[in-house]
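Residue numbers (this note's numbering), protein chains in the order written: chain A, 1 to 342; chain B, 1001 to 1342; chain C, 2001 to 2342. For each residue, glycine too, the CB sits at the ideal point set by N, CA and C.
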Amino acid sequence: MHYTLGELANRLGIRFHGDADCVIDGVTTLTDARTGAITFLTNPRFRKYLGTTRAAAVILRPEELEHCPVNALISDNPYLTYAHVSALFAPDYSAQAPIDASAVIHENATLGEGVSVGANAVIGDGAIVADRVRIGPGCVIGNNSRIGAGSQLNANVTVYHDCVIGERAVIHSGAVIGSDGFGFANDKGRWVKIHQLGRVVIGDDVEIGANTTIDRGAIEDTVIGDNVIIDNLVQVAHNVRIGDHSAVAGCVGIAGSAEIGKHCAFGGGAGILGHLAIADGVTVTAMSLVTNSIKDPGVYSAGTPLEPKSHWQKNYVRFKQLDEMARRIKALEKQLQKLTEG
Amino acid sequence: MHYTLGELANRLGIRFHGDADCVIDGVTTLTDARTGAITFLTNPRFRKYLGTTRAAAVILRPEELEHCPVNALISDNPYLTYAHVSALFAPDYSAQAPIDASAVIHENATLGEGVSVGANAVIGDGAIVADRVRIGPGCVIGNNSRIGAGSQLNANVTVYHDCVIGERAVIHSGAVIGSDGFGFANDKGRWVKIHQLGRVVIGDDVEIGANTTIDRGAIEDTVIGDNVIIDNLVQVAHNVRIGDHSAVAGCVGIAGSAEIGKHCAFGGGAGILGHLAIADGVTVTAMSLVTNSIKDPGVYSAGTPLEPKSHWQKNYVRFKQLDEMARRIKALEKQLQKLTEG
Amino acid sequence: MHYTLGELANRLGIRFHGDADCVIDGVTTLTDARTGAITFLTNPRFRKYLGTTRAAAVILRPEELEHCPVNALISDNPYLTYAHVSALFAPDYSAQAPIDASAVIHENATLGEGVSVGANAVIGDGAIVADRVRIGPGCVIGNNSRIGAGSQLNANVTVYHDCVIGERAVIHSGAVIGSDGFGFANDKGRWVKIHQLGRVVIGDDVEIGANTTIDRGAIEDTVIGDNVIIDNLVQVAHNVRIGDHSAVAGCVGIAGSAEIGKHCAFGGGAGILGHLAIADGVTVTAMSLVTNSIKDPGVYSAGTPLEPKSHWQKNYVRFKQLDEMARRIKALEKQLQKLTEG
């Protein structure tokens, strides 16, 4: 794949500076640039590398143009422009295979136009796969599930029965959509399964990472809003609702029936207990546990600092005395007050 | 699927109140009830919704009957009764396909009566699949492994060679049973693999969540007791033993050779270090790390509270001074004692 | 499989003591030893079990020989010797199937000599699978990816397109190599995908655990060094670099662009934030979060101790007052100084 600078500017609807005919054949970083590739400058901290970049062109803000010795694409949001450029250089292997002969597609499944189905994929009874969906090798689509137009399921994705995935989803390998929620009644010490009769319903423009799991609802549905982005190895329990445009980093666990607002962000390894409500615009930093509902937008954290183990151990054991320490401080204050007053 | 109220009461062996011929066609929640469906009341906090529920029937305790304006199933453990009802409404898609033509079943594998094997599943040499087992599409059952009667493996489950799974197991997609434990000898800085020669042995009535991994033992076996329930994305290392009726929530990690008692419960994201023994009846709350053996039943916790980041940061940095703070309090107490005594 | 003691000593190039013709038919533990099997003694703590072991032979240090009543293999590193012995007893099922008829192998893929491909595996256009590679059932190897000689991919592994895996790798089921990194630009609250155009490049002699995910780089590559060992359910984000001989335990999450040195070790559930540099020889204990670069080798920790919940709660709430407590201690010190000086 290659484009001239002029073509790129034209496709993206933005201005360029320099040689319109310069051929761009890939992407690169500012510091490790190689001839022929395009890169971007977002952080002014990296402006110092502009002068010596070997990139064929740089995407940058208008005010950086004067520092740029090579061709440029001019954008108010260079990272967004880079996102659009990256799409133009992404390989599209899936288009090469229409419906692989080894795929097992139920006679009652419905496939739209331009659908591709990889080798050994399985599509169940009553499943509906909309136009231009790409189903990777080894995927299993359960009975009566629906995949919206333009979605891409990479290899070995599993979608259980009766789930709904919106349009233009990108789902990575090993992701499991619609497994049973973790619901059990206790019969005198013995666990008895609650069959999970809800669905998973996923909006449009969602990305779901590799080996992420999203459980179906117990009675009602688990609901993932539009343009939610979820990283790898995330657990979304039954009846969770995640609002539009929220971002969930890797290894996060969200317990049952948590309701998460729009435009939220969860750092890697964060945890959210069940039956909580989290307002729009909440950010939780990495490996913090949310134990109560959060009403106000803002950034929230928990945890203790990393230290050399020998130091940490001394502080670690003192944690058990924290309440006692607080009481002793109070006692000292009283004694001292008595002393000075006396 | 639908049942009359009388049929449900009859099948469950419990009393009902109201119209025996009322048709129940699904399940619902108390607050979001829709006509024709059944729901349950366990928490008295929700009694207030009884009066206005649109459910066709409610499963409730005898003492709640007087508050119930609609049909009722009467139970001393309504949630357990609901569990039994949920099973009656669970779709049974797998029964539709006996042995899919695309499945690859070794000639030396043994399949019981009423077994179903999904499309593109693979069953190895010497594997034994007991009666009424349902193997989902894309599953791989390794050589000489045994799956007990009535078990259900959802799509894309992997069972390595020589493992044993008991009766009536439910295993969710992407789960891996019998992968190698993480065992290596160190040869002057270089890791050398210890081949893992034990098995995974799983009891009866177990549920294993999506993308959960259970490693085979190094020499002896990794053992999961009867009626253990394990959620999604849980890591069970080699030689771990989990006692009967224990529950492990999502994202928990259990390190090698940990021995966990019966009726234990681990909250989401909890961790258990290796070579520990945990008594029966221990509960560990979410994201807490168990670093020592636990001898007494009870609830155990670790961790710090979530705070707005600006507040948290001030306390976070003080954690490094905790030992010093404790020493300064002690010094103050001594000085003050001297002062008052002097 | 069985070997005489003399054969074992000969294959391993080490000395033995006892009956050269004694037949060894498996491995066992020192305490649970069964007739015919070999075990090892590394920790002097277990020397007390030597006298009563029923093992056919014990691998031990020269200085332990006098305590050993049975046959012995003599080694300066018994655990390493055991590693070599374990390899001799590992079953090699994969060798039984050359290329399963159900595998879907692209005509432009290249397979070396002695390659085995399991049932329903899929190998893409331009993929290169070197000599003696064993591809398990249900694996998917993407277009143009390369798997080095002697590597073993267990069932249901997914390798995306254009990735490189070195020689003698062991990759466990459900692992995903080359999924898209979690990169998005924000367009006025809306996430726009950054297509991930780098690769995953993995060195030689690497082990990767079940359901572990390694994302491809955004522009440059994600790089895993030689002899890196990674446990189950680990997340390695885009552009991460892990140095040779490092070990990553289960459930660890490594955020984007982190650079990890050689001979590092991460305990289970540890987290590493993005864009950090971690020196060679750093160990991070379980469930600790690394928030800054680490320049010096050593052991690092974070976290608070597990306590009975009722105790913990009292200390937990005091964490929010930690900064205030520190200030009050300082105020007390000042007051007291004034008092004693006055």
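#1: Is A2087 of chain C closer than 7 Å to R1318 of chain B when the C-beta atoms are compared?
#2: Suppose contacts are defined by Cβ-Cβ distances below 7 Å. Is E1167 of chain B in contact with G1136 of chain B by that definition?
#3: Is the Cβ of P1308 of chain B closer than 7 Å to any Cβ of chain E?
#4: Given this structure, state the Cα-to-Cα distance separating V1234 of chain B from L1339 of chain B, to the nearest angstrom.
#5: Taking R2199 of chain C as the reference, which of C:S2151, C:D2231, C:H2238 and C:A2175 has the closest Cα?
#6: Would you list the residues sitting across from V23 of chain A in a DSSP beta bridge?
#7: According to DSSP, is F319 of chain A helix, strand or coil?
#8: Tell me the DSSP secondary structure of F1266 of chain B in three-state form.
#9: Any beta carbon from chain C within less than 7 Å of K1338 of chain B's own beta carbon?
#10: Helix, strand or coil: which one does DSSP assign to S2310 of chain C?
#11: Does N1010 of chain B pass the burial test, meaning 16 or more other C-beta atoms within 10 Å, or should it be called exposed?
#12: At least one CB of chain A closer than 7 Å to the CB of D2187 of chain C: is that the case?
#13: Do you know whose CA, among C:L2080, C:D2226, C:C2022 and C:G2253, lies nearest A2055 of chain C's CA?
#14: Any chance you could list the beta strand (DSSP E) runs of at least 3 consecutive residues sitting entirely within the stretch 2203 to 2261 of chain C, in chain order?
#15: By DSSP's criteria, L73 of chain A is part of a beta bridge. Which residues make up the other side?
#16: Would you report the Cα separation of Y1049 of chain B and G174 of chain A, rounded to the nearest angstrom?
#17: So is Q1313 of chain B in contact with chain C if we call contact Cβ pairs under 7 Å?
#18: Between the stretch 270 to 286 of chain A and the stretch 254 to 261 of chain A, do at least 3 Cβ pairs fall closer than 8 Å?
#19: Give me the Cα-Cα distance between G2074 of chain C and V2252 of chain C, rounded to the nearest whole angstrom.
#20: Report the residue from B:G1203, B:A1218, B:R1134 and B:E1007 whose alpha carbon sits nearest the alpha carbon of A946 of chain B.
#21: Which residue wins for smallest C-alpha separation from A1103 of chain B, given the options B:I1272, B:R1134 and B:D1296?
#22: Go to S2086 of chain C, then tell me how far its alpha helix (DSSP H) extends in each direction, as first and last residue.
#23: Please name the residues in the stretch 1167 to 1193 of chain B whose beta-carbon is closer than 7 Å to at least one beta-carbon of chain C, in chain order.
#24: Spatial neighbours of P1098 of chain B within its chain, please: C-beta separation below 6 Å, excluding the five flanking residues on both sides.
#25: Nearest chain B C-beta to T304 of chain A closer than 7 Å, yes or no?
#26: Would you grab the beta carbon distance between I1177 of chain B and I1214 of chain B for me? Rounded to a whole angstrom, and I think it's under 8 Å.
#27: Could you tell me whether the Cβ atoms of A1255 of chain B and G1269 of chain B are closer together than 7 Å?
#28: Is any beta-carbon of chain B found at less than 7 Å from that of M2001 of chain C?
#29: Between the C-alpha atoms of G1225 of chain B and F2046 of chain C, what's the straight-line distance to the nearest angstrom?
#30: Can you pull out the residues from the stretch 2087 to 2119 of chain C whose beta carbon lies closer than 7 Å to at least one beta carbon of chain A?
#31: Quick one, are the C-beta atoms of N1232 of chain B and H1245 of chain B less than 7 Å apart?
#32: Measuring CA to CA, which of B:S1293, B:A1037, B:D1019 and B:Q1152 is closest to D1025 of chain B?
#33: Distance check for R132 of chain A and I14 of chain A, CA to CA, integer angstroms please.
#34: Which residues of chain C have a Cβ atom closer than 8 Å to the Cβ of T1329 of chain B, listed in chain order?
#35: Output the distance between the C-alpha atoms of I59 of chain A and E113 of chain A, rounded to the nearest integer angstrom.
#36: Name, please, each residue of chain B whose Cβ falls closer than 8 Å to the Cβ of A2351 of chain C.
According to the data block:
#1: Within the second sequence, residue 1318 of chain B is the residue found at index 318, counting from 1. Within the third sequence, residue 2087 of chain C is the residue found at index 87, counting from 1. No, these two residues do not count as a Cβ contact at 7 Å.
#2: One-based indexing of the second sequence puts residue 1167 of chain B at position 167. One-based indexing of the second sequence puts residue 1136 of chain B at position 136. Not closer than 7 Å, so no.
#3: The structure shown contains no chain E; the protein chains it does contain are A, B and C.
#4: Along the second sequence, read from residue 1 onward, the residue named residue 1234 of chain B stands at position 234. Along the second sequence, read from residue 1 onward, the residue named residue 1339 of chain B stands at position 339. Distance between the alpha carbons of V1234 of chain B and L1339 of chain B: 58 Å.
#5: As a first step, residue 2199 of chain C must be located in the third sequence, where it is residue number 199. Ranking C:S2151, C:D2231, C:H2238 and C:A2175 by Cα distance to R2199 of chain C puts C:H2238 first.
#6: In the first sequence, residue 23 of chain A corresponds to position 23, counting from 1. According to DSSP, which records beta bridges pairwise, V23 of chain A is partnered with A:T4.
#7: Numbered from 1 along the first sequence, position 319 holds the residue referred to as residue 319 of chain A. Helix at F319 of chain A.
#8: Stepping through the second sequence from its first residue, residue 1266 of chain B is reached at position 266. Looking at F1266 of chain B - three-state DSSP - the assignment turns out to be strand.
#9: In the second sequence, the residue the question calls residue 1338 of chain B occupies position 338. Not closer than 7 Å to any Cβ of chain C, the Cβ of K1338 of chain B fails to qualify, so no.
#10: Within the third sequence, the letter at position 310 stands for residue 2310 of chain C. If DSSP states are grouped into helix, strand and coil, S2310 of chain C belongs with the helices.
#11: By one-based count along the second sequence, residue 1010 of chain B stands at place 10. Classification for N1010 of chain B: exposed.
#12: Taking the third sequence and counting its residues from 1, one reaches residue 2187 of chain C at position 187. With 7 Å as the cut-off, D2187 of chain C counts as an interface residue toward chain A.
#13: Numbered from its first residue, the third sequence carries residue 2055 of chain C at position 55. Nearest option by C-alpha distance: C:C2022.
#14: 2213 to 2215 and 2222 to 2224
#15: The residue given as residue 73 of chain A occupies position 73 in the first sequence. Beta-bridge pairing links L73 of chain A to A:F16 and A:I59.
#16: One-based indexing of the second sequence puts residue 1049 of chain B at position 49. One-based indexing of the first sequence puts residue 174 of chain A at position 174. Each residue's Cα considered, the two are about 41 Å apart.
#17: If you number the second sequence from 1, residue 1313 of chain B lands on position 313. No - not a single Cβ of chain C is within 7 Å of the one on Q1313 of chain B.
#18: yes
#19: In the third sequence, counting from the first residue as 1, residue 2074 of chain C sits at position 74. In the third sequence, counting from the first residue as 1, residue 2252 of chain C sits at position 252. Note on residue identity: the sequence assigns Ile, not Gly, to residue 2074 of chain C. Looking at the two C-alpha atoms, the distance is approximately 37 Å.
#20: Summary: the structure shown does not reach residue 946 of chain B, with chain B confined to residues 1001 through 1342, and so no result is reported for it.
#21: The count along the second sequence starts at 1 and reaches residue 1103 of chain B at position 103. Cα-wise, what sits closest to A1103 of chain B is B:R1134.
#22: Looking up residue 2086 of chain C in the third sequence gives position 86. Counting along the chain, the alpha helix (DSSP H) containing S2086 of chain C begins and ends at P2078 to F2089.
#23: G1174, V1176, S1179, D1180, F1182, F1184, A1185, D1187, G1189, R1190, W1191, V1192 and K1193
#24: Along the second sequence, one-based indexing puts residue 1098 of chain B at 98. Result list for P1098 of chain B: S1116, in chain order.
#25: On the first sequence, position 304 is the one that residue 304 of chain A refers to. Judged by the 7 Å Cβ criterion, T304 of chain A is in contact with chain B.
#26: Position 177 of the second sequence, counted from the first residue, corresponds to residue 1177 of chain B. Position 214 of the second sequence, counted from the first residue, corresponds to residue 1214 of chain B. With 8 Å as the limit, I1177 of chain B and I1214 of chain B qualify as a contact, their Cβ atoms being about 5 Å apart.
#27: Taking the first residue of the second sequence as 1, we reach residue 1255 of chain B at position 255. Taking the first residue of the second sequence as 1, we reach residue 1269 of chain B at position 269. Result no, Cβ atoms of A1255 of chain B and G1269 of chain B do not sit closer than 7 Å.
#28: Position 1 of the third sequence holds residue 2001 of chain C. Closer than 7 Å: no.
#29: On the second sequence, residue 1225 of chain B is found 225 positions in, with the first residue counted as 1. On the third sequence, residue 2046 of chain C is found 46 positions in, with the first residue counted as 1. Spanning the two alpha carbons is a distance of roughly 28 Å.
#30: V2104
#31: Numbered from its first residue, the second sequence carries residue 1232 of chain B at position 232. Numbered from its first residue, the second sequence carries residue 1245 of chain B at position 245. No. Outside cutoff.
#32: On the second sequence, residue 1025 of chain B is found 25 positions in, with the first residue counted as 1. Cα-wise, what sits closest to D1025 of chain B is B:A1037.
#33: If you number the first sequence from 1, residue 14 of chain A lands on position 14. If you number the first sequence from 1, residue 132 of chain A lands on position 132. One C-alpha to the other measures close to 29 Å.
#34: Counted from its first residue, the second sequence places residue 1329 of chain B at position 329. According to the sequence provided, residue 1329 of chain B is Ile. The question's Thr does not apply to it. Under the 8 Å cutoff, chain C gives I2329.
#35: Taking the first residue of the first sequence as 1, we reach residue 59 of chain A at position 59. Taking the first residue of the first sequence as 1, we reach residue 113 of chain A at position 113. Distance between the alpha carbons of I59 of chain A and E113 of chain A is about 36 Å.
#36: Residue 2351 of chain C is absent from the structure shown; chain C starts at 2001 and stops at 2342.
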